[in-house]
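Report on the following structure.
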Amino acid sequence: MKVTVQFFSYFKDLAGMPETVVEVGEWTRIGGLLEELYREFPKLEPMRKSMLVAVGLEYQDKNYVLQEGDVVSLFPPVQGG
Amino acid sequence: MRRELRITAELIDEQALTAGRAMSHGMGAAVYFAGVVRAEEEGKRITAIDYEAFREMAERQFENIFRQIEKRWPVESIRVVHRIGVVKVNEASLWVEVIAPHRGEAFAACEFLIDEMKKVVPIWKKAVTA
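Top line first, the protein sequences correspond to chains A and B.
Under the numbering used here, the first residue of the first sequence carries the number 72, and numbering increases by one thereafter.
Under the numbering used here, the first residue of the second sequence carries the number 128, and numbering increases by one thereafter.
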């Protein structure tokens with residue numbers, strides 16, 4: 072199944088693109104997707120500790136099980152204000 | 128609780144916003160906060176900050192914060208304006224109004240809103256140098 076991954080802030084530069092579509096197996100968790108993304112975009116790997124992950128408009132943790140059509144957003148710590 | 132959120136590339140007109148204040152007769156406190164861009168960021172001179180938002184998620188996350196506030200304090204109204212795009216030094220990037228019966232809860236809710244925003248609302252900044 073396919074999920075869309077969006078990058079924000081300087082993660083866009085690290086990935087070299089704002090968005091990508093990834094094919095993952097059923098029951099893939101966010102943790103598994105991230106490992107795949109680190110292989111494809113090695114510059115993101117050093118950001119793993121501070122990386123925030125959302126699915127749709129809400130934050131999710133690494134155990135979230137992905138579903139077909141999910142839009143996953145990856146970004147650094149937020150800095151509003 | 129009434130809430131109004133604007134994420135905008137336009138200048139924040141603080142006077143017009145303050146003039147638009149609406150509070151019922153039971154309310155005794157209106158607290159205002161303006162976050163203003165400083166000329167220095169991480170020890171470097173800057174001329175502006177370029178703000179980027181994941182708008183739909185930012186709106187959702189602000190709404191989540193508003194819900195927490197209305198559970199904790201008897202706030203009548205909150206208005207929030209956050210700039211995106213290039214905000215020059217000395218311009219406001221954030222404006223908040225909280226209206227409550229007493230100052231204690233108005234100050235507490237205002238501080239909570241800003242603290243939570245800085246943790247969960249997906250807005251990022253990039254320093255602009257001359």
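Ideal placement from N, C-alpha and C gives every residue a C-beta, glycine not left out.
Helix, strand or coil at residue i [DSSP, three-state]
i              : result
R199 (chain B) : helix
D177 (chain B) : strand
Y81 (chain A)  : coil
F112 (chain A) : coil
K133 (chain A) : coil
W152 (chain A) : Here residue 152 (chain A) is Gly; the residue named in the question, Trp, does not match the sequence. Reduced to three states, the DSSP call for G152 (chain A) is coil.
A125 (chain A) : strand
K120 (chain A) : coil
T256 (chain B) : coil
R148 (chain B) : coil
G87 (chain A)  : coil
Proximal residues of chain B, C-beta to C-beta of residue i below 7 angstroms
i              : result
E131 (chain A) : Correcting the residue type first, residue 131 (chain A) is Gln in the shown sequence and not Glu. Under the 7 angstroms cutoff, chain B gives no residues; its nearest Cβ is about 12 angstroms from Q131 (chain A).
S80 (chain A)  : E179 and W251
S121 (chain A) : Correct list: empty, because the minimum Cβ distance to chain B is about 12 angstroms.
8 angstroms CB neighbourhood of residue i in its chain, flanking five on each side removed
i              : result
H128 (chain B) : Sequence check: residue 128 (chain B) is Met here, not His. Excluding sequence neighbours, M128 (chain B) sits near F193, I196, E197, V202, E203, S204 and I205.
S121 (chain A) : P147 and P148
Neighbourhood of residue i by C-beta, 7 angstroms cutoff - its chain only, sequence neighbours within 5 removed
i              : result
T91 (chain A)  : V76
E97 (chain A)  : M72
E141 (chain B) : A161, A219 and W222
Close beta carbons around residue i, own chain, < 6 angstroms, minus the five adjacent residues each side
i              : result
F234 (chain B) : V158
Paired residues, beta bridge with residue i - DSSP
i              : result
W98 (chain A)  : In DSSP, W98 (chain A) forms no bridge with anything.
S204 (chain B) : B:R129 and B:I226
A291 (chain B) : Not covered by the structure: residue 291 (chain B). The range shown for chain B is 128 to 257.
A166 (chain B) : Bridge partners of A166 (chain B): none, in fact.
V142 (chain A) : A:T75
Beta-carbon neighbours of residue i, restricted to chain A and to distances below 7 angstroms
i              : result
K171 (chain B) : Going along chain A, no residue has its Cβ under 7 angstroms from K171 (chain B), so there is no contact; the nearest lies around 16 angstroms.
G162 (chain B) : G152
Contact check, residue i vs residue j, beta carbons under 8 angstroms
i              : j              : result
L104 (chain A) : V93 (chain A)  : yes
V142 (chain A) : V126 (chain A) : yes
T256 (chain B) : K215 (chain B) : no
S80 (chain A)  : M184 (chain B) : no
A136 (chain B) : I211 (chain B) : yes
W259 (chain B) : V213 (chain B) : Residue 259 (chain B) is absent from the model: chain B starts at 128 and stops at 257.
E224 (chain B) : R148 (chain B) : yes
Contacts of residue i in chain A (Cβ-Cβ under 8 angstroms)
i              : result
V248 (chain B) : V149 and G151
K245 (chain B) : V149, Q150, G151 and G152
E183 (chain B) : L128
I241 (chain B) : G152
Proximal chain A residues relative to residue i, where beta-carbon distance stays under 9 angstroms
i              : result
S220 (chain B) : G151 and G152
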